[in-house]
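Participant:
Following this line, the structure appears as structure tokens:
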């Protein structure tokens, strides 16, 4: 597992690893939408990639760098902040921040015919307050897992509708030299590095910050595991196609 000091370092190093070590793979769909087999739709992929970020407080600086480096990203500081607030404010469908900032993308890849999404994070995160209460009662628990992928709902939609790329977040409190700290472990089945990685990892960092503040303890590291971490060649600036 790689260990990065901060978000900015992680972004730069992961981009380099995808470019230099990524394997060329064509996957014929994004979510449930078919793709033509063209060079721009081929991905460079790292399988079963994991890393730890010690300090996630620089996520805004990372997003700014990412937007300058990869213009085709969907990330922005404003979007990430609004979307995270929607995620923790009760179930909503659609989540309006998605349509406010990236309507064209979501109309193609996310929205159903009725104008709703097949799922939203805010619908899947409704149990977060119960998990926070459990950590307050039992700070050493290993059972505090917020599941985003729900087999009973999502299994029958595979290949037919949008299903979560995020599988789960685990929140775990452990002692450090400065007292208890909150670790967050984030597991994904798939992550588009250029379009979504800065969004996904920043929202995970904001979740860690939010819960740590409610518990009154310091933040620990963010650990991230992705089965398929990939970038579409058409999204990679030519000067970075090493």
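Residue numbers (this note's numbering): -5 to 236. Note that the Cβ used here is the ideal one computed from N, Cα and C, for glycine as well.
#1: Tell me, which residues are paired with residue 218 by DSSP?
#2: So is residue 96 buried or exposed if we call it buried at 16+ other beta carbons inside 10 Å?
#3: Decide if the region 19 to 27 is in contact with the region 67 to 79; the criterion is three or more beta carbon pairs, one per stretch, under 8 Å apart.
#4: Whose CA, out of 204, 179, 59, lies closest to the CA of residue 138?
#5: Excluding five sequence neighbours on each side, which residues of the same chain lie with their C-beta closer than 6 Å to the C-beta of residue 44?
#6: So, with DSSP's three-state summary, where would you put residue 188?
#7: Within the chosen definition, does the region 178 to 194 reach the region 4 to 17 through at least 3 CB pairs nearer than 8 Å?
#8: Name the DSSP beta bridge partners of residue 173, please?
#9: Going by Cα to Cα distance, which pick from 40, 177, 119 is closest to residue 133?
#10: Between the Cα of residue 212 and the Cα atoms of 169, 153, 109, 54, which residue gives the shortest distance?
#11: How is residue 39 classed by DSSP in three states: helix, strand or coil?
#12: So is residue 107 buried or exposed if we call it buried at 16+ other beta carbons inside 10 Å?
#13: May I have the straight-line CA-CA distance separating residue 182 from residue 221, to the nearest angstrom?
Facilitator: Well, looking at it:
#1: As a working mapping, residue 218 is identified with position 224 in the chain shown. The partner list for residue 218 (beta bridge, DSSP) reads 45, 180.
#2: Position 102 of the chain shown, counting from 1, holds the residue named residue 96. With 16 or more Cβ atoms within 10 Å of its Cβ, residue 96 is classed as buried.
#3: no
#4: Taking the first residue of the chain shown as position 1, residue 138 is located at position 144. Closest option to residue 138, Cα to Cα, is 179.
#5: For this step, residue 44 is matched to residue 50 along the chain shown. Here the set comprises -5, 219.
#6: For the purposes of this step, residue 188 is taken as the residue at position 194 of the chain shown. Coil.
#7: yes
#8: Within the chain shown, the letter at position 179 stands for residue 173. 170.
#9: As a working note, residue 133 is residue 139 in the chain shown. The shortest Cα separation from residue 133 among 40, 177, 119 belongs to 177.
#10: Your numbering for residue 212 matches position 218 in the chain shown. Checking every option, the nearest Cα to that of residue 212 belongs to 169.
#11: Taking the first residue of the chain shown as position 1, residue 39 is located at position 45. Three-state result, residue 39: strand.
#12: As a first step, residue 107 must be located in the chain shown, where it is residue number 113. Exposed.
#13: In the chain shown, residue 182 corresponds to position 188, counting from 1. In the chain shown, residue 221 corresponds to position 227, counting from 1. Using only the alpha carbons, I get a separation of about 6 Å.
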